[in-house]
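Keeping their order, the protein sequence lines are chains S and L.
Here the first sequence is numbered in our numbering, starting from 1 and rising by one per residue.
Here the second sequence is numbered in our numbering, starting from 1001 and rising by one per residue.
Heads up, the beta-carbon is just placed ideally off N, CA and C, and yes, glycines get one too.
Taking it in order: structure first as structure tokens, then the write-up.
There are 2 protein chains.
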Amino acid sequence: MFENKENRTDLSTLGEFGFIEHIAKSVSLKNASSLKGIGDDAAIIDNGNKMTVVSTDMLVEGVHFDLAFHPLKHLGYKAVTVNLSDIYAMNATPHQITVSIAMSNRFSLEAIEELYVGIFMACERHEVDLVGGDTTSSTSGLIISITAIGTADKEDVVYRNTAGVNDLVCVSGDLGGAYIGLQLLEREKKIFVENPKIQPDLEGNDYILERQLKPEARKDVIAKLKEQKIKPTAMIDISDGLSSDLLHICKQSDVGSAIYEEKLPIDVETFNAATEFNLDPLICALNGGEDYELLFTIKQEDYEKIKSIKEVSVIGHITEKNAGVSLVDKSGSIHPIKAQGWDALLE
Amino acid sequence: MFENKENRTDLSTLGEFGFIEHIAKSVSLKNASSLKGIGDDAAIIDNGNKMTVVSTDMLVEGVHFDLAFHPLKHLGYKAVTVNLSDIYAMNATPHQITVSIAMSNRFSLEAIEELYVGIFMACERHEVDLVGGDTTSSTSGLIISITAIGTADKEDVVYRNTAGVNDLVCVSGDLGGAYIGLQLLEREKKIFVENPKIQPDLEGNDYILERQLKPEARKDVIAKLKEQKIKPTAMIDISDGLSSDLLHICKQSDVGSAIYEEKLPIDVETFNAATEFNLDPLICALNGGEDYELLFTIKQEDYEKIKSIKEVSVIGHITEKNAGVSLVDKSGSIHPIKAQGWDALLE
């Protein structure tokens, strides 16, 4: 199955995507019902008319969250949201989740209740049922593994690998906020650790803090696309950053893309905070990650219809593969886009 | 949702089942498709004719396994098996799994490949597809979270809470082996740690070691029950121990039970090893856990049919609730059965 090697290969040399590709190469789907396996936001299981859509994510303390500034209630909410986001990114509707939790004995019942309050809030908002899970001890820290299950009609499912040349590239909401929110929280934590008497200065940054601590999955955008009878030609949710996720669509669809700096949606609060941190807001928008917005492509003929959805920006178009994937800056210069998003295994 | 408390309640005061009950009380299922939520081996999602059956389990290094004696290949195999066992325990057929893994950077690519070789072996054996997952870093140790997805016709699903008075209590395979296997591995590890020159003495114990390191999910028993046209009236897989899992069936079905010491299936290797450890083989069979055998009840009229399945032992019967849950020993004395199985949160 795998080549026999005498060597020891560091996982970090492959990175998360390299590792997933490496494993995926050994998988061949044998059940007729396994319509789509590894390689998209979610797996698709064929039940006849209705497809079951399944996505899973694991959040690890010290890697994905820091309990010094991540309230448990928000964490529960976020853990559910990031999974539902994957279901929406298939143009499907989530209905159930399972929640598995490993926790060390430093957590009290009341603390874990807080976590579940957040989980239930997200369930309520998205009309999703908690139907199962597992609870266990951990030797250190908190680990949350959630699986989301949804449904879609077969003809509604949108994959990553079906973007076509000349399609328009669209993104919901705005970008870079979650990343800047994290920078702010980490700065204030550092100040607090150095001098516990100094209170964190988070004022006026509600929006970017919420982007980091309590992101939303874009149920509303999926609903509006349906209302307008727009079926995206390809779709992904932005968890790793616009650059990285656009590259996923292009690589898997075997196409190129040009997106335009002046079209990228950046909130004024994100812009100001980035400037304060001496960070380029454009770089934050491209590479920040964790925005959980939808990145999708549509047919050119849907342009008028998409303009009526105020939550969506058209940021570029799909090109032939040999044109590459690039950003056109405000002066008209062309910059190739590289994946610089968050790579879990390199943390 | 939860009562507001000033106190700090230790999770260990509730135990795993207490905690699950506590959370389950706050859940009310809202989607019509959520047929069965928390409280059985797996959740049941209604898709019309076919039910989707979903189960999830998390394995944590230092809690569920010790890499000092658990080869990664076996561990991958076991992680899949324990999930599939839950699907079989609903009288359903597993078709897909997702695998999420958090690992520290002490693991090489080659090590994780070994883990996946075991995962793929179990998939192959049970004709199951790996369709998705998540890979991430951990700050320490290895955590494996697997979700198994299967299907069943609506009329075939067997729950825990439907055992009836006078039904026969049956168990597949034999009991206590996995627990004794673990005792043996822990003893040899201790000797090795104290004196690395002494080689582990595992000879003649292949069966109990395999019960611990590489358990099987009873696909074969489910198939034979179908062949014989026996539909169990209630079923659970034995992960926590016969006592604990029989109590689950009885509590949820609102019945009592009497099982007979002389009927309990104990392999001769388990018996001998238990004696060597000065442990009572009966106690190992009752409370050992991790055997992943099926515990189920059938109608009395199926007695002749069940006798033809050599992998199954009839160990007792279901009684009225007020008779309690008890073991009848070889002398005819009656002992109330208490849950003394493995409780994840008390570890």
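- If one requires a minimum length of 3 residues, the beta strand (DSSP E) runs lying completely within the stretch 1235-1265 of chain L are 1256-1260, in chain order.
- For Lys1036 (chain L), the closest of L:Tyr1159, L:Ser1138 and L:Pro1094 by C-alpha to C-alpha distance is L:Tyr1159.
- DSSP, read as helix, strand or coil, puts Pro281 (chain S) in helix.
- A Cβ-Cβ distance of about 20 angstroms is found for the pair Met1090 (chain L) and Ser1145 (chain L), leaving them out of contact under the 8 angstroms criterion.
- Annotation for Ile1208 (chain L): Gly1177, Ile1180, Gly1181, Leu1184, Glu1269, Thr1270 and Ala1273 place their beta carbon closer than 7 angstroms to its own, counting only its chain and skipping 5 residues before and after.
- Under the Cβ criterion of 7 angstroms, Ser1172 (chain L) is not counted among the residues facing chain S.
- For the pair of segments examined, the stretch 1102-1116 of chain L was found to touch the stretch 1138-1157 of chain L: the number of CB pairs separated by less than 8 angstroms reaches three.
- The C-beta separation of Ser55 (chain S) from Asn83 (chain S) comes to about 6 angstroms, placing the pair in contact by the 8 angstroms criterion.
- Rounded to whole angstroms, the gap between the alpha carbons of Tyr292 (chain S) and Glu210 (chain S) is 12 angstroms.
- In terms of CA proximity to Ala1148 (chain L), L:Ala1043 leads the group L:Ala1043, L:Ala1223 and L:Gln1212.
- Classified as buried, Pro1094 (chain L) has 16 or more neighbouring CB atoms from the shown chains inside 10 Å of its CB.
- For Ser1026 (chain L), the neighbours in chain S by C-beta distance under 8 angstroms run, in chain order, Tyr116 and Phe120.
- Residue pairing by DSSP leaves Thr139 (chain S) without any beta bridge partner.
- Apart from sequence neighbours up to five positions away, the residues of its chain that approach Phe192 (chain S) with a beta-carbon distance below 7 angstroms are Ile198 and Pro200, ordered along the chain.
- Taking a Cβ-Cβ cut-off of 8 angstroms, the neighbours of His95 (chain S) in chain L comprise Asn1031, Ser1033, Ser1034 and Ile1045, given in sequence order.
- Of all alpha-carbon atoms in L:Asn1322, L:Ala1285, L:His1070 and L:Gly1118, the one lying nearest the alpha-carbon of Thr1081 (chain L) is that of L:Gly1118.
- For Leu1072 (chain L), not one C-beta of chain S is nearer than 7 angstroms to its own C-beta.
- Taken atom to atom, the span from the alpha-carbon of Cys1250 (chain L) to that of Leu1213 (chain L) is near 30 angstroms.
- No Cβ of chain S is located within less than 7 angstroms of the beta carbon of Gly1018 (chain L).
- At least 7 angstroms separates the beta-carbon of Asp1167 (chain L) from that of Thr1319 (chain L).
- Considering only beta carbons, the part of the stretch 122-140 of chain S lying closer than 7 angstroms to chain L consists of Glu127, Asp129, Leu130, Val131, Gly132, Gly133, Asp134, Thr135, Thr136, Ser137, Ser138, Thr139 and Ser140, in chain order.
- Judged by their CB atoms, Gln96 (chain S) and Val131 (chain S) are nearer to each other than the 7 angstroms cut-off.
- In the displayed model, Thr81 (chain S) falls within a helix according to three-state DSSP.
- For Arg160 (chain S), no Cβ of chain L is located within less than 7 angstroms of the residue's own Cβ.
- Nearest in C-alpha terms to Leu202 (chain S), of all of S:Lys307, S:Glu194 and S:Glu186, is S:Glu186.
- Cβ-Cβ distances below 8 angstroms link Lys1305 (chain L) to Gln1228, Lys1229 and Ile1230 in the same chain, with the five nearest sequence neighbours on each side left out; the list follows chain order.
- For His95 (chain S), there is no enclosing alpha helix (DSSP H); the residue is part of the beta strand (DSSP E) that begins and ends at Thr93 to Met103.
- For Ala1122 (chain L), same chain residues with a beta-carbon under 6 angstroms away, outside a window of 5 residues either side, are Tyr1077, Val1080 and Thr1081 in chain order.
- Under the DSSP assignment, His126 (chain S) falls in the alpha helix (DSSP H) whose first and last residues are Leu109 to His126.
- Contact with chain L is found for Lys50 (chain S), since one of that chain's Cβ atoms lies less than 7 angstroms from the residue's Cβ.
- Out of S:Asp267, S:Met51, S:Gln300 and S:Arg218, the CA that lies nearest to the CA of Ala285 (chain S) is found in S:Asp267.
- Taken in chain order, the whole beta strand (DSSP E) runs of length 3 or more contained in the stretch 1149-1204 of chain L are 1168-1172.
- Scanning the stretch 1041-1071 of chain L for uninterrupted alpha helix (DSSP H) segments of 4 residues or longer gives nothing; none is fully contained.
- At a cut-off of 7 angstroms between beta-carbon atoms, Val60 (chain S) makes contact with chain L.
- Measuring C-alpha to C-alpha distances from Lys1310 (chain L) to each of L:Cys1170, L:Gly1204 and L:Val1255 identifies L:Cys1170 as the nearest.
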